[in-house]
Each structure stands twice: as C-alpha cells, then as structure tokens.
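Participant: Residues in the first sequence are numbered consecutively from 69, following the numbering used here.
We treat Cβ as the ideally placed atom computed from N, Cα and C, and that holds for glycine.
The model shown is predicted, which means the values in this text are computed figures rather than measured ones.
The structure that follows is given in the form of structure tokens.
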Amino acid sequence: MPSTPEKVFDLLLQAYGPQDWWPGETPFEVMVGAVLVQNTNWKNVEQAITQLKDAGALNPSGILLLSPAELQQRIRPAGYFRIKEQRLRSLVQFFVEWYGGDIERMRATELRLLREQLLQVHGIGPETADSILLYAVEKPSLVVDAYTLRVFARHGWVPQGTSYHALQEHLAGELPAKTEIYNELHALLVKVGKEHCGKTPHCEGCPLEGMLPVGGLVAG
DNA sequence: GACCAGGCACATC
DNA sequence: GATGTGCATGGT
69 MPSTPEKVFD LLLQAYGPQD WWPGETPFEV MVGAVLVQNT NWKNVEQAIT
119 QLKDAGALNP SGILLLSPAE LQQRIRPAGY FRIKEQRLRS LVQFFVEWYG
169 GDIERMRATE LRLLREQLLQ VHGIGPETAD SILLYAVEKP SLVVDAYTLR
219 VFARHGWVPQ GTSYHALQEH LAGELPAKTE IYNELHALLV KVGKEHCGKT
269 PHCEGCPLEG MLPVGGLVAG
C-alpha cells in the first residue's frame, strides 16, 4: 500500500503532469537563483538574472569581479540586495575555492559531505542547500519549502509547526531516493500549494481533495 | 496601502 | 531549543 507522500506524488503528477522545473540554462545559473529566490518570488529573480547576464557576469569569475556596489545594483530586483550580494559572493567563493568552479567535481562528491559544506557557507541554509543539491548538482536531496510544509500540515498529514528536518526525514523515508522524483515532487507541491493550499483553508477542485483526513483542513 | 513571495543570520530568552 | 526581528523589491 502506497504511503501518503507516494499517493500525493501520484495524484499531483496525474493532475498536473511533469513540471520541468527550475529552467536555469546552466547549473551555475541555478545556484545563483537559489540564493536570489530566498523569500522572494521567481519573477523578481528573473529580472536579477537577466541583469547579471547583461553584465556578462553569470559565471563564477564574473560575479567575483563585480564591485559590491555593482553586484548589488544588478541583483536589486530580487530584494534584500545588500544581504544577497554577500551571500552570493560567499557561495561563489566556496564554489571556486573548493571545486574550482566545476560542477562535475561537486557531482563527484558524496551528498552528505557536500550538504554539510554548503551549510557552512554564510547565507546558505537548509532549503537553499537542498535546492542547489537537487536542481544544480542533481543529487537526491529533498527540498522542503514553505509550500511543502503548508500542504502537508493543512491536510493534517504532519503536525503544524513540523520542523524542516523532521518533514524532510519523514518524506525521505516514504519515497524512493531518486533525483527525478524529488525534483518533480517539489515542483508539484509548489504548484498545488499556490493554487489550493494558500492562506485560506479551501480545497475545491484540488487534486488532493479526496485525501483529506478525518477532521478536514486545519484552519488558520 | 497592506500583504505576500520558493530564507537566513543573529539576538535574546 | 524555541521565538522574534531585520533584511527590500515587485506584484496583487
């Protein structure tokens, strides 16, 4: 009998189809996007990415050669530009110093080790680290974002306030550790989260409607 | 004009 | 370990 996360995955995939998510042109672009998207929407990030491209700076040395002021101006549309300038610089410095700016060397590194290293980088927390691991490095690392927690908590599948780590462990324990599945699942959860599991507890037409537990949605 | 969006570091208790 | 706060732009 399939677990709840497996059923969720199947239902969402059936309803929405493959999402082909995180359309970065290069792994490096995905890494940059992972920092810029922190607590912001993707539209704003696209503008920032475009401005980096226009400056020919969407590569490791390009970023590092920009002055702080110019880098800040380029990424300004993504918000928190002073903070993100430092975070971006820290990440790129790490990428260059430890891996020579070579994504293949990252791929050759063991997942747990690489994750620990990323978490040591200033400005890289669990979600950003997992996003980089999954979408840029293509490692089977589950991304647990605000939508993931919202969808699972609102349906009563996990308690409200479940921690990032606890939810990640729970989901990982119920799903095959495959990059393609983690990739697709996260994209599908964001989609259903945006469309049906938003601020108001309302689920009409939601692909997960039939999976409501006894007691229904958690209000608030 | 308020509210929200694909977090994180830091201070404080 | 849990909770609160600052960070900033662009869309609804």
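Starting from residue 84 and walking both ways along the alpha helix (DSSP H), at which residues does that stretch end?
Facilitator: 72-84 is the span of the alpha helix (DSSP H), which, as asked, contains residue 84.
Participant: Using the three-state DSSP reduction, which class does residue 231 fall into: helix, strand or coil?
Facilitator: Looking at residue 231 - three-state DSSP - the assignment turns out to be coil, as it is neither helix nor strand.
Participant: Tell me whether the beta-carbon of residue 250 lies closer than 8 Å to the beta-carbon of residue 202.
Facilitator: For residue 250 and residue 202, yes; Cβs fall inside 8 Å.
Participant: Residue 112 and residue 145: beta carbons closer than 8 Å?
Facilitator: Going by C-beta atoms, residue 112 is nearer than 8 Å to residue 145.
Participant: Who are the Cβ neighbours of residue 153 in its own chain at under 7 Å, not counting the five residues just before and after it?
Facilitator: Closer than 7 Å at the Cβ level, and outside the excluded window around residue 153, lie 136, 139, 140, 143.
Participant: In the structure shown, what three-state DSSP assignment does residue 206 receive?
Facilitator: If DSSP states are grouped into helix, strand and coil, residue 206 belongs with coil.
Participant: Could you compute how far the alpha carbon of residue 37 sits from the alpha carbon of residue 178?
Facilitator: There is simply no residue 37 to check, as the chain begins at 69 and stops at 288 in what is shown.
Participant: Going by C-alpha to C-alpha distance, which of 149, 148, 99 sits closest to residue 126?
Facilitator: Looking at the Cα atoms, 99 is the closest of the given residues.
Participant: With a threshold of 8 Å, are at least 3 pairs of Cβ atoms found where one atom belongs to the segment 76-84 and the other to the segment 190-197?
Facilitator: Touching, no, given that fewer than three Cβ pairs across the two stretches are closer than 8 Å.
Participant: Can you name, in chain order, every residue of its own chain whose Cβ lies under 8 Å from the Cβ of residue 120, other than the five neighbours on each side?
Facilitator: Counting only Cβ-Cβ distances below 8 Å, and skipping sequence neighbours, we find 100, 126, 130, 131, 142, 143.
Participant: Taking the beta carbon of residue 198 as the centre, do at least 16 other beta carbons fall within 10 Å, making it buried, or is it exposed?
Facilitator: With 16 or more Cβ atoms within 10 Å of its Cβ, residue 198 is classed as buried.
Participant: Where does residue 213 sit, in a helix, a strand or coil, going by DSSP?
Facilitator: Here residue 213 sits in coil by DSSP.
Participant: Are the Cβ atoms of residue 73 and residue 204 separated by less than 8 Å?
Facilitator: Contact: no.
Participant: Note down the Cα distance separating residue 256 from residue 239, rounded to an integer number of angstroms.
Facilitator: In a straight line, the C-alpha of residue 256 is about 14 Å away from that of residue 239.
Participant: Confirm, please, whether the CB-CB distance from residue 134 to residue 116 is below 8 Å.
Facilitator: No, the pair does not count as a contact, with Cβ atoms beyond the cut-off.
Participant: Give me the Cα-Cα distance between residue 263 and residue 106, rounded to the nearest whole angstrom.
Facilitator: Answer to the nearest angstrom: the Cα atoms are 20 Å apart.
Participant: By how many angstroms is the C-alpha of residue 128 removed from the C-alpha of residue 169?
Facilitator: Approximately 7 Å between the Cα atoms of the pair.
Participant: Excluding the five sequence neighbours on either side, which residues of its own chain have a C-beta within less than 6 Å of the C-beta of residue 296, listed in chain order?
Facilitator: Nothing about residue 296 can be read from this structure; the chain reaches only from 69 to 288.
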